[in-house]
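A.B. asks: Start counting the sequence shown at 4; every next residue gets the next number (this note's numbering).
Don't be surprised by glycine CBs; every beta carbon is placed ideally from N, CA and C.
As the structure is a computational prediction, the values presented were derived from the model and not from experiment.
Mind looking over this structure? Questions follow.
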Amino acid sequence: MQSKTIKWTVGLLVAIAIGALAIGFVYQTFVIRHPVTSSLASTSLGLEYAAHPGIVALALGARCRTGEYVQAQQLIRQIATPIKSAAVRRAIAHCNQDFTFARAASFLRKGDAAGAIRLMTPWYPKGPDPYRAGVILMRSDILEHHLNQAIAMGSALAARYPGDSTLLPLVRELKNRAVLDRAQAALHAGHFAQAIGWATPAYQNGPNFYRAGLILAQSDLAEHHLRRADAVYAALARRYPKDPRLGREADSLRTRAILTAARAALIDHQPALAIRRIRTRYPNGSAPYDAKLILAEAYASEHRINHASRIYHGLVGRYPKNRALAVAAENLSIQKTRAVARAELAAHEPRRAIRTIRPLYRSGRDPYDSGLVLASAEVALHHFARAERIYAVLARRYPRDRALGAAAENLRTRATLAEARAELAAHEPRRAIRTVRPLYRSGRDPYDSGLVLARAYGQLHQNRQAARIDAQLAARYPKDRDLAVASVVTRVQAGHARAARGELAALNPSEQALVFGSLGVSLTRLYRHFVSLDGGIANSTGAYPSDNQFGIRAGLPAADGTFVASAQRIHRFGQTAESFGVDFYTAFGAGASGEFSVGYSPNDTILAHESLGMALSKSVGAFSLDMSVRHLIFSNAVANIIFGGVGFYPDRHVHLETGLYYVPETNAYSFLVAPEWFHGGINRTYLYLTAGEAGEQLIVQNSILRTPSYGVRLGEVFELTHRISLNVAVFDDYRSGLYDRRGLYLSLTRRW
């Protein structure tokens, strides 16, 4: 009995299952697939809900799975509440969930990323399906270009669902896109180096080869990396041969980059670089309008006016209504005229420059620059009044240009200095002083005017005035070492030896050498005390024995000059004699100086028993007039030696003395030529040449003879220090019919 009951129960359950399957099949076949039947079934299911909840759950699931959310919602509204079936509640929940995801997907398809984000935000990460919600949020952020948020969402999903192999590649792609977005923004902002840095890895390794390549190429072009940009465009063209934009864009960007680079070179004053860039891009002269303008400006900047003019005239002929081109061509013509005039002025052809620039100045098209060139040409011709009138016109026309007034003032100063220098060159120092002294006293140009004034006083041998001006200049310009040297020299020439020695001590060795070189033989005026030891030996032909001599000289300063006392002993031609003498050297001013001498020998042998002498010298510019008379008294004869000569001093390195000796008692004469060379600071080489019929040196045994003669003496003065000098000389004296005498002379001098 019990077994039969079990069999009946199992059979009933099997029958019910088979019936449910049959009903489901009919429902799937006819109700779901046919809208009319479905609508009728929905109504009947709603009415029969209480009796068949499983069928309702199946129907709701079917509706949601096929996307018929409207019909599913209608079915839900028809269900009586409260819902007692757990299966129906689960079906409704799943249906609402699918419906929400479907709406979010619909928003994305329509481009409404904000709507999708609004729906999905509450569902992530605590919703029933956080994976689907996260994916939709990530897609929405991508759509909204919130790539950083999308990358963060993708990274979180990949970590939470490691089995999904699509997430990590997507995150890498998003990161690549984010980097390229930054590169694109940097490119648009002009930060080309940053754009290159961000785009290069994506170009080399990323999937966005096309976009990364375009960004990289444009940035390289902007940075003038032309070869690298060309290589990128070539790679893009090989991969995308059907894309016509690549060639056009590359050519356009390359052109724009070259023009930009050429303009930049022109702005940086590198016209040659601008020309090279344009010519490299357009070697056959087929440059566009902008490129030709840059090329013309570059040629004009390089003063290649003819090249620029050809380009401008070609453009004017092509665009005759372009006023800017006509103005540029006119400006170039003006510039060409100015350039020609300046070149002529630089070639020391001011008259040609005036003929070139004066028509342009008078036309009024370029009064300022052409006026300056014309004034400079007039100054070069020393037409200072004309140049000053031009500056006056320009100053009235451009009253705010203070440089014009300063230039006019400078021109007047230059005119004054040039006039004074010309007067100096003409050996008119008094006129030069009258011309330049007001300029010096006004202080407008004390340096140059002071130098001219000191030189003028020097020509007049007013050494004290010259020294005063040099001292004022040296005090005003303490860093000018040339002035310091000149001050010492003029103080010495003015007789201010003590002050000169004080200034000399403040100079460095090289500057002191300049002082000594300028003074030359005038060192005795700087060091007024000296002691000199001299001696010599000689051999004569004939029966004359060898001779020798020894002497000492000492210099003592006096108020108006220097006393020199001397004593010597001579053994010559077998005779011996001593002599003593005093010389007095003085300066009279105005370039005149004198010497007075007295000598005495106690022996009646080869030297005069008594001697008196007087010499005068007068400097005139670079020349000096010299004359002297010596009166010699022997035991049985009297002789006078008269000398007249001219000295020439072209510069401080060369001196030349010429003159004539004459002895009235015998009518003997002798010509003198004595050049001197100063070198190595103050070392001096000298040569004395005499020729004629000698007088004084023919004194033999108390008689005066007249015979053809010559004498040669070659010597060198070595300045061992600034206070010690050594004089070494060799000589040869020839007296026809008497003797030929050769020897060596030495002298050592100590100054203080």
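Going by Cα to Cα distance, which pick from 442, 412, 246, 406 is closest to residue 423?
C.D. replies: Translated into positions along the sequence shown, residue 423 becomes position 420. Distances from the alpha-carbon of residue 423 to those of 442, 412, 246, 406 put 442 closest.
A.B. asks: Between the alpha carbons of residue 625 and residue 349, how many angstroms are there, rounded?
C.D. replies: The residue you call residue 625 lines up with position 622 of the sequence shown. The residue you call residue 349 lines up with position 346 of the sequence shown. Using only the alpha carbons, I get a separation of about 33 Å.
A.B. asks: Between the C-alpha atoms of residue 756 and residue 669, what's the straight-line distance to the nearest angstrom?
C.D. replies: Nothing in the structure corresponds to residue 756, since the chain is present only between 4 and 755.
A.B. asks: Rounding to the nearest angstrom, what Cα-Cα distance links residue 434 and residue 586 in this structure?
C.D. replies: Indexing the sequence shown from 1 puts residue 434 at position 431. Indexing the sequence shown from 1 puts residue 586 at position 583. Straight through space, the alpha carbons of residue 586 and residue 434 are spaced by roughly 37 Å.
A.B. asks: Can the beta-carbon of residue 600 be found less than 7 Å from the beta-carbon of residue 752?
C.D. replies: Residue numbering aside, residue 600 sits at position 597 when the sequence shown is read from its first letter. Residue numbering aside, residue 752 sits at position 749 when the sequence shown is read from its first letter. No; because the gap between Cβ atoms is not below 7 Å, this pair is not in contact.
A.B. asks: Can you have a look at residue 376 and say buried or exposed, based on whether 16 or more other CB atoms are within 10 angstroms of its CB?
C.D. replies: Here the question's residue 376 lines up with position 373 in the sequence shown. That one is buried.
A.B. asks: Using the three-state DSSP reduction, which class does residue 285 fall into: helix, strand or coil?
C.D. replies: For the purposes of this step, residue 285 is identified with residue 282 of the sequence shown, where counting begins at 1. In the three-state reduction of the DSSP assignment, residue 285 falls in the coil class, being assigned neither a helical nor a strand state.
A.B. asks: Looking only at its own chain, which residues have a Cβ that is under 7 Å from the Cβ of residue 739, when we skip the five neighbours before and after it?
C.D. replies: Counting from one through the sequence shown, the residue named residue 739 turns up at place 736. Excluding sequence neighbours, residue 739 sits near 710, 711, 712.
A.B. asks: Using the three-state DSSP reduction, which class does residue 618 fall into: helix, strand or coil?
C.D. replies: Position 615 of the sequence shown, counting from 1, holds the residue named residue 618. Here residue 618 sits in strand by DSSP.
A.B. asks: Buried or exposed for residue 444, going by 16 or more other Cβ atoms inside 10 Å?
C.D. replies: Residue numbering aside, residue 444 sits at position 441 when the sequence shown is read from its first letter. Label assigned to residue 444: exposed.
A.B. asks: Since residue 261 and residue 280 should fall inside the 8 Å C-beta cutoff, what is the C-beta to C-beta distance between them, to a whole number of angstroms?
C.D. replies: The residue you call residue 261 lines up with position 258 of the sequence shown. The residue you call residue 280 lines up with position 277 of the sequence shown. Confirmed, about 6 Å.
A.B. asks: Short check: CB of residue 315 to CB of residue 298, under 7 Å?
C.D. replies: Position 312 of the sequence shown holds residue 315. Position 295 of the sequence shown holds residue 298. No, the pair does not count as a contact, with Cβ atoms beyond the cut-off.
A.B. asks: Sort 130, 143, 103, 129 by Cα distance to residue 111 and report the nearest one.
C.D. replies: Counting from 1 along the sequence shown, the entry for residue 111 is found at position 108. Nearest of 130, 143, 103, 129 to residue 111, Cα basis: 143.
A.B. asks: If you draw a straight line from the alpha carbon of residue 597 to that of residue 565, how long is it in whole angstroms?
C.D. replies: Looking up residue 597 in the sequence shown gives position 594. Looking up residue 565 in the sequence shown gives position 562. Computed Cα separation, rounded: 11 Å.
A.B. asks: Would residue 568 and residue 561 qualify as a contact pair, given that the criterion is a beta-carbon distance under 7 Å?
C.D. replies: Residue numbering aside, residue 568 sits at position 565 when the sequence shown is read from its first letter. Residue numbering aside, residue 561 sits at position 558 when the sequence shown is read from its first letter. Not closer than 7 Å, so no.
A.B. asks: Determine the extent of the alpha helix (DSSP H) in which residue 541 is found, giving its start and end residues.
C.D. replies: As a first step, residue 541 must be located in the sequence shown, where it is residue number 538. Residue 541 -> not in any alpha helix (DSSP H); beta strand (DSSP E) instead, spanning 533-543.
A.B. asks: Taking the alpha carbon of residue 484 as the point to measure from, which residue in 518, 455, 466 has its own alpha carbon closest?
C.D. replies: The residue given as residue 484 occupies position 481 in the sequence shown. Measuring from the Cα of residue 484, the nearest candidate turns out to be 518.
A.B. asks: Could you check what DSSP says for residue 609 in three-state terms: helix, strand or coil?
C.D. replies: Counted from its first residue, the sequence shown places residue 609 at position 606. Residue 609 falls in the coil class under three-state DSSP.
A.B. asks: In whole angstroms, give me the CA-to-CA distance for residue 26 and residue 132.
C.D. replies: By one-based count along the sequence shown, residue 26 stands at place 23. By one-based count along the sequence shown, residue 132 stands at place 129. Because residue 26 carries a pLDDT of 49, less than 50, the predicted location of this residue cannot be relied on, and no value is offered for it.
A.B. asks: Judging by CA-CA distance, which residue of 547, 530, 578 is the nearest neighbour of residue 559?
C.D. replies: The sequence position of residue 559 within the sequence shown is 556, counting from 1. Measuring from the Cα of residue 559, the nearest candidate turns out to be 530.
A.B. asks: Alpha carbon to alpha carbon, how far is residue 206 from residue 163? Give it in angstroms, no decimals.
C.D. replies: Your numbering for residue 163 matches position 160 in the sequence shown. Your numbering for residue 206 matches position 203 in the sequence shown. Answer to the nearest angstrom: the Cα atoms are 31 Å apart.
A.B. asks: In chain order, what residues of the same chain lie with their CB nearer than 8 Å to the CB of residue 399, ignoring the 5 residues before and after it?
C.D. replies: In the sequence shown, counting from the first residue as 1, residue 399 sits at position 396. Nothing listed; no residue qualifies.
A.B. asks: Please determine, among 96, 121, 97, the residue with the shortest C-alpha to C-alpha distance to residue 108.
C.D. replies: Here the question's residue 108 lines up with position 105 in the sequence shown. Per the Cα distances, 121.
A.B. asks: Grouping DSSP H, G and I as helix and E and B as strand, with all else coil, what is residue 414?
C.D. replies: Against the sequence shown, residue 414 aligns to sequence position 411. Looking at residue 414 - three-state DSSP - the assignment turns out to be helix.
A.B. asks: Residues in the same chain with beta-carbon distance under 7 Å from residue 106, minus the five sequence neighbours each way, listed in chain order, please.
C.D. replies: Locating residue 106 in the sequence shown gives position 103, counting from the first residue. Only 122 meet the Cβ criterion.
A.B. asks: How many Å lie between residue 360 and residue 378 at the Cα?
C.D. replies: For this step, residue 360 is matched to residue 357 along the sequence shown. For this step, residue 378 is matched to residue 375 along the sequence shown. When rounded, the distance between both Cα atoms is 10 Å.
A.B. asks: Measure the C-alpha to C-alpha separation of residue 96 and residue 115 and round it to an integer number of angstroms.
C.D. replies: Taking the sequence shown and counting its residues from 1, the one referred to as residue 96 is at position 93. Taking the sequence shown and counting its residues from 1, the one referred to as residue 115 is at position 112. If you take the alpha carbons of residue 96 and residue 115, they lie about 25 Å apart.
A.B. asks: Smallest Cα separation from residue 489: which of 643, 464, 457?
C.D. replies: What you label residue 489 is simply residue 486 of the sequence shown in a count that begins at 1. Checking every option, the nearest Cα to that of residue 489 belongs to 457.
A.B. asks: Between 462, 459, 439, 682, which lies nearest to residue 3 when the distance is taken from Cα to Cα?
C.D. replies: In the structure displayed, the chain extends from 4 to 755; residue 3 sits before or after that span and is not available.
A.B. asks: Find out if the Cβ-Cβ distance for the pair residue 156, residue 130 is shorter than 7 Å.
C.D. replies: As a first step, residue 156 must be located in the sequence shown, where it is residue number 153. As a first step, residue 130 must be located in the sequence shown, where it is residue number 127. Residue 130 sits away from residue 156, with the two beta carbons spaced by 7 Å or more.
A.B. asks: Is it right to say residue 320 is buried, meaning 16 or more other beta carbons lie within 10 angstroms of its own, or is it exposed?
C.D. replies: The residue you call residue 320 lines up with position 317 of the sequence shown. Residue 320 comes out exposed.
A.B. asks: Considering only the beta carbon of each residue, do residue 726 and residue 736 sit closer than 7 Å?
C.D. replies: Here the question's residue 726 lines up with position 723 in the sequence shown. Here the question's residue 736 lines up with position 733 in the sequence shown. No, the Cβ-Cβ distance between residue 726 and residue 736 is not below 7 Å.
A.B. asks: On the CB-based measure, 16 or more other CB atoms within 10 Å of its CB, does residue 393 come out buried or exposed?
C.D. replies: Here the question's residue 393 lines up with position 390 in the sequence shown. Per the 10 Å Cβ criterion, buried.
A.B. asks: Starting from residue 123, follow its DSSP beta bridges and name the residues at the other end.
C.D. replies: Start at 1 with the first residue of the sequence shown, and residue 123 comes out as number 120. BP columns for residue 123 are empty, so no partner.
A.B. asks: Quick test of your reading: residue 476 and residue 455, contact by CB under 8 Å. State the CB separation rounded to the nearest angstrom.
C.D. replies: The count along the sequence shown starts at 1 and reaches residue 476 at position 473. The count along the sequence shown starts at 1 and reaches residue 455 at position 452. At roughly 11 Å, the Cβ-Cβ gap does not stay under 8 Å, so residue 476 and residue 455 are not in contact.
A.B. asks: By how many angstroms is the C-alpha of residue 563 removed from the C-alpha of residue 464?
C.D. replies: On the sequence shown, residue 464 is found 461 positions in, with the first residue counted as 1. On the sequence shown, residue 563 is found 560 positions in, with the first residue counted as 1. Distance between the alpha carbons of residue 464 and residue 563 is about 16 Å.
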